[in-house]
Structures are given as C-alpha cells and as structure tokens.
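Residue numbers (the numbering used here): 40 to 634.
We put the beta carbon where it would ideally sit given N, CA and C, even for glycine.
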Amino acid sequence: MILLLLSVFLSVPSLAAAPTAKDAATFMTRAEASLDELGRRSSFSSWAQQTDINYTTEWLASDADRAFAAEAAKLAHEARRFDRLQLPADLKRKFLLLKLAVDSPSPPDLKEQKELSDAKVWLEGTYGKGKYCPTPDKCLTLDDMEDVLKESRDPKTLLDLWTGWRKISVPMRPRYRRFVELSNKGARDLGFKDTADLWRSGYDMTPEAFSAELDRQWLQIKPLYEALHAYVRRRLTEKYGSDVVGPDGLIPAHLLGNMWGQSWENIYDLVAPPKSKPAFDLTERLKAAKLDEKTMVQYGERFFTSMGFDPLPATFWERSMLTRPRDREVVCHASAWDVESGQDLRIKMCIKINAEDFVTIHHELGHNFYQRAYEKQPYFFRGSANDGFHEALGDTIALAVTPEYLKEVGLIDSVPGPEGDIDLLLKMALERVAFHPFGLLVDQWRWGVFSGAIAPENYNDAWWALVKKYQGLKPPVARTEADFDPGAKYHIPGNTPYARYFLAQLYQFQFYRALCRQHGHTGPLHRCSFYGDKAAGKRLGDMMAMGSSRPWPDALEAATGQRRMDATAILEYFAPLKAWLDEQNKGQSVGWKAD
Ligand code: X8Z
Ligand code: ZN
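Printed below as a string of structure tokens:
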C-alpha cells in the first residue's frame, strides 16, 4: 500500500521535482538556441568594433558581450539541477562546454557585468589604437614598428621602438587588475577556483594534470631550444659586441627581430650558417612575383582546395579586412572569424607582403576551413577538439610550404639540394622552436595572476622572471612596476588564452608527420609537402568535422593514430639541425643563469 501510494505520488509530474535525462536534453536544446543567437550578435558587434574602434562600436560590442556572457552564466546555473543525472556522453559534454563557454565569465551583479565587458572592450581597443610617437608629429603603429624591427640592425633604433611600444600598456594596469577581479568573481560563481582553473578545465583532464603535461612536453623540447639559444647568442655577440650579452647568458630582448622575442626568423641573415648561400628569400620572391594582399591569400586558399576543401565563399572576399584602413582605428592583430556559423567566414589582418605574413595567412585560413568543417555540428560542438587543434591546423599546412611546393606554384625557380637543409631547418627553428618557451610562459603568468600567486604589485617583475626562466631573455633596459609589459602583447588585453599556441606547436608536427607518412614521403621530414593530396585533406577534414564533439584524444587519433601529445615529431623534424647546433656549440656554454 505504501509502495503503491509512493509510486502514485512520484508519477504526478508537478510534484516530481527530480529532473530526467529528457528534461536535460530539452534544456540543452533551448540553451544552444539561445547562445547561438546571442553569440551571433556578439560576433557581429565585435567585428564592427575591431574593424572600426569608436565610442559607438565599443558600446555595442560591450553590450553584446555582456548579454552573451550573462546568458551563459544564467544557463550554467540552471544546469546545476542536472548535475547528478546519468546522461549520455555527448549531452554530458555539452554541459561541461556550457560552463566553459566564456573565458571571462559574468559575475552575478549587473553593474559588475557591465564593468567587466567595458573593461574587456577598452583593453582590446587601447591595444588596437596603440601608437608610439617618437616626435609629436610622427606616430608609429605596431605594424610600422614591426617593419623596422625586421630590418634594422641598429641597437639604438631597436631599443627606442622596443621601449616606445611598451608605453601603450602603462595605462592598462589598473583596469587589467580590476578585470582580473571581476572575471574571477564570475568563475567562482560557476564553481571554479578562479579564471585560471576554468581555462585549464577544457582539456579532458584535471587542471593540475594539464599543467604537469605541459611541463613534461617542455622538458622534451628544452634541449633543442637551449642549443638554438646558445648558437644565436654567440652570433649576436659577434654582431653587436661582447658587452651585448652579459655573464648571465641572457639575450637582450630587442635584438631578435620581433617585438616580443617570440620568433626570430627575421634575424636569419645574422645567424645563417657562415658559408651558406641561401637559395631564396621568400619575402623577396613574393615581392618579385608582384603579389598583393589578396593574391597572397589566394595562394593560401589554393593549398586547401588542392587537398579537396571547397573554395572560400564569395562573401569571404567581400567582407574580410586584408589591409590596415587609413581612415579609422582597427585591431590589426590577425584573426579569423565565423560570424554566422560556417556561412560567413572572414579574416581580419593588416597584411604585408612578406614571408611572415604568408605563414600567418595559412594559419588564419586554417581557422576558417576548420570552422566550415564543423558547421553542421550542434552549437556546443562547433569548435575544435581543444583550442590547440584550432591553432595547429593552418600551421600544419604552412609546414608543407616547402621549396618543392614553392617551385611547383612558380614562386621560386629551383629547389635547393640537400646542402641547403641546414639553412632551411635553421630558418624554421627560428620561427617555431624559438616560440616554444614564449608559448608556455604567457599563461604561466596569467594563471599566476588569476590565482593570486602573482600579486598586482608584482605584475611586471613576475613577467620578466618568467621570460628569463623560459626564454633566457632579459629586458634591454631596467623595467619597474610602473610598467605593464604583459599588456604590450595582444593576448593579454585581448584576453585570449595562450597555452593553445604551445599545444599547437606539438600537434602541428604530429599532424604533419602523420600526413607525410600517409602521403608515402620517404626523405627527410622537412622536405615533405602534401599539396594536392586529397587523401591527406580527407584525413584532416574528417577530424575537423568532428568539431569538439569528442574528447581530444579521439580527434588526435583520427588524424594521427596517436592518442597523446608527443614531442617526438618535432625532435625528428629538427634532428639534423640539433646535431649541427651541438657541433657549433662545442666548447661554448649552453643555457643561462636561472637567477
Ligand atoms: O595570435 C596568433 C594568431 C591569431 S590566433 C595570429 N598567433 C600567436 C601570436 O601572434 O602571438 C599565432 C602564433 C602565436
Ligand atoms: Zn590562430
């Protein structure tokens, strides 16, 4: 009798408070529809703001950002009632992705939500508008300065630009500090320890395991980086004199041809193997071929279409921003957009005709082709397996931009023989191996900032301690806490997580090696191109179409047969260079004083 009563009681819907898996699925359908709609508005507003920074577009972008973030937080709260249910794996995954939907989550208070979105938009806009004015009538944009950094070998000029650019971030400090507080409030409200805990929760393992995994990978690559660092340090000392590099072994950060010392390919001429005669200079070849910004992008597109991907839509060419407009302020830092779920793909870039931007174009198009590949997935699965996959895709293609490929498409006349291998590998190492420690340290800093391990009073010191530890670089002049040097790197004011680029460095070589093996390439790995290989395209495309529907090891396996992140592909690629560097470094000190 009691049992009977109980079952009658439980079957009355209004009293049966416990939700079912079906309720959870219905809730999720509504949540996806709502975020899809608000996300679209936010993307359009953000595009308008980043391609024309002014009071009105900033207002609109902030408003749409707040609306999206507030809705995501509200839904994540409501979703808690399904926490204890046994749900099918894909639905469970969507609930996790809902909690991770916003990188700087909304605090509960409306006023603070607005303050957070305003701070975000202001920080990014301040970076975008940033200029250094050496004289009152002459102001330089970042891209103006980058042109000089690439070419100039005058330490005074380099130092002036290096310090000049870092003036733009000084006013960011108080607002960044407040941004961190508000974002952490939002993260805690969702049940995370802080924003760093949230950021590290998107990798199908615990945040602690994720950090440990990155450290492990770095240890594998570190000897290669240190060999490159020691070699470059010696050559820079030869060029600039023995007082340039002190007894600590650290390289001054302004001499590396890049504003952040994150990649060093622009000083290739200074460090090229002594007797080598490089077969070609891609920048010079691109200029000689009279390429303009659009044709540069078309070369990139053609690589993808040769592998069987559909051409970019006509709207890509109509709506992308390929050059810096003269009549308005914009955020020039390159990005790829999917404002309308795979239908309206665009890039935003201030393209220069040079080798560095040729690679960046492939990088950005990788994002676009990825976005289109997963467009049919439900809202929460329209993403990559983890954020490192998105960053790796275009870089994988750029690895296949070999001399053999460049000859095939008519950009160079002859392919250097095996005697050119070290030159080619050194160039590539300056571009990619030099990047590893930077890829790691940016979020080491941010995780510390969000967790409170790095106090606001130490923002700058902590940054330079990490640069020293990982990159073995030092600021060319004394820095103080009146500076805010992290803010002079886009991803800090732009609030873009950075560990993704470190992951991408590993994944791209794993993808590349797997595609080369499938392609039947024998010979040294760095001479492999899969231009025109539709089977390689299908292999990548199948993985891309999975979106974020499966844990990342499943996606990695689909593309490579491997389920783990693995540095052996990079080490294999650079093995001949490592042997050469070790030979060059014989009898020289390698590494630097840690403190
Ligand atoms: O920010 C980017 C891309 C856009 S996702 C241009 N990259 C990082 C950087 O510039 O710092 C690509 C390499 C690393
Ligand atoms: Zn990217």
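Extent of the continuous alpha helix (DSSP H) to which residue i belongs
{"i": "residue 434", "result": "426-438"}
{"i": "residue 386", "result": "Where residue 386 is concerned, there is no enclosing alpha helix (DSSP H), although the beta strand (DSSP E) it sits in stretches over 384-387."}
{"i": "residue 247", "result": "246-279"}
{"i": "residue 596", "result": "591-599"}
{"i": "residue 719", "result": "Only positions 40 to 634 of the chain appear in this structure, which leaves residue 719 out of reach."}
{"i": "residue 164", "result": "149-168"}
{"i": "residue 561", "result": "Careful: residue 561 lies outside any alpha helix (DSSP H) and carries neither H nor E."}
{"i": "residue 635", "result": "Residue 635 lies beyond the stretch modelled for the chain, which goes from 40 to 634, so this question has no answer here."}
{"i": "residue 483", "result": "474-490"}
{"i": "residue 351", "result": "Here residue 351 belongs to no alpha helix (DSSP H), and DSSP marks it neither H nor E."}
{"i": "residue 617", "result": "607-623"}
{"i": "residue 400", "result": "394-412"}
{"i": "residue 74", "result": "60-89"}
{"i": "residue 215", "result": "212-228"}
{"i": "residue 337", "result": "332-345"}
{"i": "residue 647", "result": "This structure cannot speak to residue 647, because the chain is shown only from 40 to 634."}
{"i": "residue 324", "result": "321-327"}
{"i": "residue 202", "result": "194-204"}
{"i": "residue 442", "result": "442-447"}
{"i": "residue 236", "result": "234-238"}
{"i": "residue 629", "result": "It is not in any alpha helix (DSSP H) - residue 629 carries neither H nor E in the DSSP assignment."}
{"i": "residue 308", "result": "307-310"}
{"i": "residue 576", "result": "573-584"}
Supposed contact pair residue j and residue i - C-beta distance, whole angstroms, cut 8 Å
{"i": "residue 428", "j": "residue 631", "result": "That belief does not hold up - the Cβ atoms of residue 428 and residue 631 are roughly 33 Å apart, past 8 Å."}
{"i": "residue 342", "j": "residue 570", "result": "6 Å"}
{"i": "residue 144", "j": "residue 225", "result": "3 Å"}
{"i": "residue 545", "j": "residue 609", "result": "7 Å"}
{"i": "residue 435", "j": "residue 550", "result": "4 Å"}
{"i": "residue 72", "j": "residue 130", "result": "That belief does not hold up - the Cβ atoms of residue 72 and residue 130 are roughly 15 Å apart, past 8 Å."}
{"i": "residue 312", "j": "residue 465", "result": "7 Å"}
{"i": "residue 81", "j": "residue 104", "result": "6 Å"}
{"i": "residue 171", "j": "residue 526", "result": "With 8 Å as the limit, residue 171 and residue 526 do not qualify as a contact, their Cβ atoms being about 14 Å apart."}
{"i": "residue 326", "j": "residue 361", "result": "Wrong, their Cβ atoms sit about 17 Å apart, outside the cutoff."}
{"i": "residue 433", "j": "residue 406", "result": "7 Å"}
{"i": "residue 139", "j": "residue 250", "result": "That belief does not hold up - the Cβ atoms of residue 139 and residue 250 are roughly 17 Å apart, past 8 Å."}
{"i": "residue 380", "j": "residue 357", "result": "About 18 Å separates the two Cβ atoms, so there is no contact after all."}
Limits of the beta strand (DSSP E) - the one that residue i falls within
{"i": "residue 374", "result": "374-377"}
For residue i: DSSP bridge partner residues
{"i": "residue 95", "result": "Paired residues: none, contrary to the question."}
{"i": "residue 174", "result": "177"}
{"i": "residue 291", "result": "513"}
{"i": "residue 360", "result": "387"}
Buried or exposed by the 16-neighbour rule on C-beta atoms within 10 Å, applied to residue i
{"i": "residue 287", "result": "exposed"}
{"i": "residue 94", "result": "exposed"}
{"i": "residue 122", "result": "exposed"}
{"i": "residue 315", "result": "exposed"}
{"i": "residue 108", "result": "buried"}
{"i": "residue 254", "result": "exposed"}
{"i": "residue 365", "result": "exposed"}
{"i": "residue 349", "result": "exposed"}
{"i": "residue 634", "result": "exposed"}
{"i": "residue 175", "result": "exposed"}
{"i": "residue 403", "result": "buried"}
{"i": "residue 626", "result": "exposed"}
{"i": "residue 208", "result": "buried"}
{"i": "residue 329", "result": "exposed"}
{"i": "residue 628", "result": "exposed"}
{"i": "residue 281", "result": "exposed"}
{"i": "residue 78", "result": "buried"}
{"i": "residue 57", "result": "exposed"}
{"i": "residue 59", "result": "exposed"}
{"i": "residue 389", "result": "buried"}
{"i": "residue 230", "result": "exposed"}
{"i": "residue 185", "result": "buried"}
{"i": "residue 133", "result": "buried"}
(request) Count the C-beta pairs between the region 448-457 and the region 509-522 that are closer than 8 Å, then say yes if the count reaches three, no if not. (result) no
(message) Contact between the region 547-555 and the region 580-599 is defined here as three or more beta-carbon pairs at a separation below 8 Å; is this criterion met?
(response) yes
(request) Could you tell me whether the region 283-301 touches the region 181-191, using the rule of 3 or more Cβ pairs below 8 Å? (result) yes
(message) I'd like to know if the region 402-411 and the region 383-390 are in contact, where contact means that at least 3 CB-CB pairs between them fall below 8 Å.
(response) yes
(message) Using 8 Å as the cut-off, can you tell me whether the region 480-492 makes contact with the region 227-246, which would need three or more C-beta pairs spanning the two stretches below that distance?
(response) yes
(request) Count the CB pairs spanning the region 112-119 and the region 140-160 that are closer than 8 Å, and state whether there are at least three. (result) yes
(message) If contact is defined by three or more beta carbon pairs under 8 Å, each pair taking one atom from either stretch, is the region 210-222 in contact with the region 98-108?
(response) No, they do not touch.
(request) Assess, as a yes-or-no matter, whether the region 611-628 is touched by the region 266-286 under the definition of 3 or more beta carbon pairs within less than 8 Å. (result) yes
(message) Closer than 8 Å is the cut-off here; do at least three beta carbon pairs connect the region 360-379 with the region 158-174?
(response) yes
(request) Spell out a yes or no on whether the region 524-533 and the region 469-485 are touching, meaning 3 or more CB-CB pairs, one atom from each, closer than 8 Å. (result) The region 524-533 is in contact with the region 469-485.
(request) Check whether the region 491-510 touches the region 559-576, counting contact only when three or more Cβ pairs, one atom from each stretch, lie closer than 8 Å. (result) no
(request) State whether the region 415-430 contacts the region 567-587, with contact taken as three or more CB pairs (one from each stretch) at a distance under 8 Å. (result) yes
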